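One structure is given below, encoded as structure tokens.
Protein chains: 2
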Amino acid sequence: MERRFDEELKHLKERLVGMAGMAEQSIGRAIKALVDRQAALAQAVIQDDVAINQLEVEIEDTCLGLLARYQPEAKDLRFIAMIFKIVNDLERVGDQAVNVSERTLDLLKEPLLKPLIDIPKMAVLAQQMLKDALDAFVNQDAELARAICRRDDEVDHLNDQVYHELLVYMTQDPKTITRAVDLILIGRHLERIADHATNIAEDVYYLVRGHTIKHRLAGE
Amino acid sequence: MERRFDEELKHLKERLVGMAGMAEQSIGRAIKALVDRQAALAQAVIQDDVAINQLEVEIEDTCLGLLARYQPEAKDLRFIAMIFKIVNDLERVGDQAVNVSERTLDLLKEPLLKPLIDIPKMAVLAQQMLKDALDAFVNQDAELARAICRRDDEVDHLNDQVYHELLVYMTQDPKTITRAVDLILIGRHLERIADHATNIAEDVYYLVRGHTIKHRLAGE
């Protein structure tokens, strides 16, 4: 019974990591579609989100099934509850990648406003934060988790920079307004992805250390 | 034991409803601050969010405690798992109200751009969706839950309207740009609140009916 449970838990963890990989890939493809102006790739991100959504439902069901059948205690219980939360964040990361792709399809109707520098940088940071958050979870690494929470500020800072730069464009040339607003919204979506990675990292910290850093680091 | 469990579950449900009331109130106050141009009220929304965040952590712990001590099965297990998810949505609703308030504080530095009509309308709709989603949960009302998911389109439609109207302002007068972008972002935050209410409603439907309408109604 014990061994069977461990195997199922291991399998669950693998599926979670697989889902995280899909979410990371969605971010990467959404940004590639934006930078390389590939409408078909943006469309693909939107279509492929169905698979991420499906995985959320499946993994949640698996979590509930494990709880019902094995009634795990303490650490295992919290571990499963944590997976239950992480899939929710991952599903929303997928949604944000879809939002980026929708804005990209809008943007591709008009010529390029400006070469994109900070937005791809934000995407790489957010993607790496998500990857590290999952690594922190898999390896139960509280220090990595804490470090991720701090990196959120960097993404926020880039987002502010993107925002202010685009305000200048709009003010100087009203013809840039719709594109600039689309890019501001894309910045927001990437910032939200970093927030989800931070949520996961906060939860990992809590799981490992038993006390929360949630809603606290912000004030540090 | 059974009776004790029922009592604790009832108490947990009451706290969840209390938390939902706080989240609803935050939306209401955030919009009142915007419409009546009250900076102090916007500040209060930001400060009071701490209490909502705290409740999330507490209710999650209570859920895990109940699972560990009583190892409930089937329906009760899913009910508690559902509360675990709902508090997460409510916490994010609180965050969105904070975001609205931050944009409001920005907006109050400049004169009123235009009388606000659609944004308060969106806020009322989102607030009501959230209230109904919690009612659907408490009363296990699948039909109410399904109806809420459909109302999400109305909020999305208003948000598009807000967006297009503000684009016109910006294009005609660059001096309105920062304010218009703030209002566009506020529209987005309200749309996100309606999405959280929809998430809750989808989960309630699943809990009651045993199959999901998630990621499906959108295409209906």
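Residue numbers (our numbering), protein chains in the order written: chain A, 137 to 356; chain B, 137 to 356. Virtual Cβ for every residue (Gly too), placed ideally from N, Cα, C. Keep in mind that this is a model prediction, so the values were computed, not measured.
Apart from the 5 residues on each side of it in sequence, B/Leu-170 sits with its Cβ closer than 6 Å to the Cβ of Thr-240 in its chain, given in chain order. Straight through space, the alpha carbons of A/Ile-255 and B/Tyr-305 are spaced by roughly 26 Å. Proximity of chain B to A/Ile-320 at the Cβ level (cut-off 7 Å) is accounted for by Val-317, in chain order.
Listed in chain order, the positions of the stretch 190–221 of chain A with a beta carbon within less than 7 Å of a beta carbon of chain B are Val-193, Leu-200, Leu-203, Ala-204, Gln-207, Glu-209, Ala-210, Leu-213, Arg-214, Ala-217, Phe-220, Lys-221. Distances from the alpha-carbon of B/Lys-149 to those of B/Cys-199, B/Ile-313, B/Glu-327 put B/Cys-199 closest. Taking 8 Å as the upper bound for CB-CB distance, A/Leu-303 and B/Ile-313 are in contact here, some 6 Å apart. Here A/Gly-323 is buried. Its C-beta has 16 or more other C-beta atoms within 10 Å.
Contact between the stretch 334–342 of chain A and the stretch 279–293 of chain A is present: 3 or more CB-CB pairs across the two stretches fall below 8 Å.
Exposed is the label assigned to A/Pro-247, since fewer than 16 other Cβ atoms lie within 10 Å of its Cβ. For the C-beta of B/Ile-336, not a single chain A residue is nearer than 8 Å; the gap to the nearest is close to 12 Å.
Collapsing the DSSP output to three states places B/Arg-173 in coil.
With fewer than 16 other Cβ atoms from the protein chains shown falling within 10 Å of its own Cβ, B/Glu-138 counts as exposed. Annotated three-state conformation of A/Pro-251 is coil, per DSSP. Using a Cβ distance threshold of 8 Å, B/Leu-294 and B/Leu-249 do not count as a contacting pair. Using a Cβ distance threshold of 8 Å, B/Leu-326 and B/Met-258 count as a contacting pair. With a threshold of 8 Å between beta carbons, A/Thr-240 makes no contact with chain B.
Restricting attention to A/Gln-276, A/Leu-252, A/Asp-292, A/Gln-232, the CA atom closest to the CA of A/Asp-172 is found in A/Leu-252.
Put simply, the CB of A/Pro-310 is near chain B, with a gap under 8 Å to one of its CB atoms.
Burial is judged here by how many other beta carbons sit within 10 angstroms of a residue's own beta carbon; A/Asp-197 has fewer than 16 and is exposed.
The alpha-carbon of A/His-147 is positioned some 13 Å away from that of A/Phe-215.
Within 10 angstroms of the beta-carbon of A/His-332 lie 16 or more other beta-carbons, which makes it buried.
When DSSP states are grouped into helix, strand and coil, A/Gln-161 belongs to the helix group. Burial of A/Asp-225 is indicated by the presence of at least 16 other C-beta atoms within 10 angstroms of its C-beta. The continuous alpha helix (DSSP H) containing A/Leu-326 extends over residues 313–345. Taking CB atoms only, A/Leu-270 has no neighbour in chain B less than 8 Å away. Neighbours of B/Leu-303 in chain A, taken as residues whose beta carbon is under 9 Å from its own, are Ile-313, Thr-314, Val-317 in chain order. Going by DSSP, A/Glu-301 is part of the alpha helix (DSSP H) stretching over 278–308.
Counting only the Cα atoms, A/Leu-280 lies some 10 Å from A/Met-265.
Burial is judged here by how many other beta carbons sit within 10 angstroms of a residue's own beta carbon; A/Val-340 has at least 16 and is buried. For the pair A/Gly-230 and A/Asp-288, the CB atoms are not nearer than the 8 Å cut-off. Here B/Asn-235 is buried, its C-beta having at least 16 other C-beta atoms within 10 Å. In this structure, the beta-carbon distance from B/Ala-233 to A/Leu-213 does not fall below 8 Å.
Contact of B/Met-306 with chain A is assigned, a C-beta pair being separated by under 8 Å. A/Arg-345 and A/Ala-278 have their C-alpha atoms some 7 Å from each other.
Distance from A/Ala-272 to A/Ile-163 at the Cβ level is roughly 18 Å; contact not present, criterion being Cβ atoms closer than 8 Å. When DSSP states are grouped into helix, strand and coil, A/Asn-275 belongs to the helix group.
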